[in-house]
Amino acid sequence: MLFVFRMLLMGLHFVLAGVLGVILGLCRPFNPDNSRLCARLYAWPAMCILRLRVKADVRGLRDKPESCVIVANHQSNYDLFVFGNVVPYRTVCIGKKSLKWVPLFGQLFWLAGNVLIDRGNALKARKSMLTTTHTLQHKDTSIWVFPEGTRNMGEELLPFKKGAFQMAIAAGVPIVPVCVSSYVKHMRLNRWRSGKILIRSLPAIPTAGLTMDDMPMLIAQCREQMRECIATMDRQLQAA
Numbered sequence: 001m002l003f004v005f006r007m008l009l010m011g012l013h014f015v016l017a018g019v020l021g022v023i024l025g026l027c028r029p030f031n032p033d034n035s036r037l038c039a040r041l042y043a044w045p046a047m048c049i050l051r052l053r054v055k056a057d058v059r060g061l062r063d064k065p066e067s068c069v070i071v072a073n074h075q076s077n078y079d080l081f082v083f084g085n086v087v088p089y090r091t092v093c094i095g096k097k098s099l100k101w102v103p104l105f106g107q108l109f110w111l112a113g114n115v116l117i118d119r120g121n122a123l124k125a126r127k128s129m130l131t132t133t134h135t136l137q138h139k140d141t142s143i144w145v146f147p148e149g150t151r152n153m154g155e156e157l158l159p160f161k162k163g164a165f166q167m168a169i170a171a172g173v174p175i176v177p178v179c180v181s182s183y184v185k186h187m188r189l190n191r192w193r194s195g196k197i198l199i200r201s202l203p204a205i206p207t208a209g210l211t212m213d214d215m216p217m218l219i220a221q222c223r224e225q226m227r228e229c230i231a232t233m234d235r236q237l238q239a240a
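Each residue of the sequence shown is one higher than the one before, counting from 1 in UniProt numbering.
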């Protein structure tokens, strides 16, 4: 019963947050800080409804360079709410072009200045990536990417795709890894206290001077650091 009640509240919240986000986007369309504000709009009420306790140590995000590529592990659709309160200033996200047609959320996502990529069209995708590189170099804006490309459902990190690392190397900006503990299989939304989640950002990985030949090493370094961090947070939660 509690689970059903929460899902009803979450559905209402999703619609209301979408309406408010679209209004914000219409008032200042494509402002790169709209994403942060909309993420907060979704995240804080959702955490209250779901009764998930999120403890975040994100000093690396607060102290990040003005432009960087932020990479995070992707577990479920709940990531929108879990990560929402740690999205930093002037940070946009990369998403599939099809998101644009999701009622309210898609329009909000577009108006918030996020980057929509048509993955089924290689030429258009390449042009979008070039635009993104220009944004990183000249507009003091960071880009948030889920390098696994799809949800891992709380299992082992999936192989990382190249896009985020290509952008970082091409723009010469650092990569900031952000990790969330494996929460999907441990949430108990039918209980009053649904669970605890840890989020941690790692030190920035510089890319200045790297070439595309260095990309496999960079991907391996970033993935291993994130894997170790997630494993450490999971052990902390189990011990508690």
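Ideal placement from N, C-alpha and C gives every residue a C-beta, glycine not left out. Since this is a predicted model, take the numbers as computed values, not measurements.
Residue i - DSSP class collapsed to helix/strand/coil
i, result
"T211", "coil"
"V178", "strand"
"L116", "strand"
"V58", "coil"
"G154", "coil"
"S142", "strand"
"P45", "helix"
"S67", "coil"
"A240", "coil"
"M187", "coil"
"D33", "coil"
"E148", "coil"
"P216", "helix"
"R227", "helix"
Cut-off 8 Å between Cβ atoms - residues of its own chain near residue i, not counting five sequence neighbours on either side
i, result
"N85", "A39, R40, A43, W44, M47, V54 and A56"
"L61", "I70, V86, P88, V176, V178 and S201"
"R36", "V87, P88, Y89, R90 and T91"
For residue i, the nearest candidate out of the options (CA to CA)
i, options, result
"N114", "T150, E66, G95 and W192", "G95"
"V102", "V22, L189 and S67", "V22"
"G195", "L52, A17 and G11", "L52"
"V180", "L198, L2, A164 and V69", "L198"
"G163", "V69, L61, S142 and G11", "V69"
"Q225", "P177, P88 and D234", "P177"
"R6", "I49, L37 and P29", "I49"
"L136", "L157, T211, D118 and A168", "A168"
"S98", "V82, L116 and W144", "L116"
"A208", "V184, R200 and F165", "F165"
"H13", "R59, F105, P32 and A72", "F105"
"G172", "L108, S142 and D63", "S142"
"T131", "V92, M187 and G149", "V92"
"N77", "G154, T232, D234 and E228", "G154"
Beta-carbon contacts of residue i that lie in its chain and below 6 Å, excluding the five residues immediately before and after
i, result
"F160", "P147, I219 and R223"
Residue i - partner residues in DSSP beta bridges
i, result
"L52", "G195"
"A72", "V178"
"I205", "I175"
"V92", "I143"
"R200", "D57 and C179"
Chain D contact for residue i (CB, 8 Å cutoff)
i, result
"M215", "Included in the structure is just one protein chain, with no chain D present."
Other residues of its chain near residue i: CB distance less than 7 Å, five sequence neighbours each side excluded
i, result
"P206", "P174"
"D140", "E66, S67 and R90"
"F3", "L189 and N190"
Residue i beta carbon near the ligand NAD (any heavy atom closer than 7 Å)
i, result
"P65", "This structure does not include the ligand NAD; it has no bound ligands of any sort."
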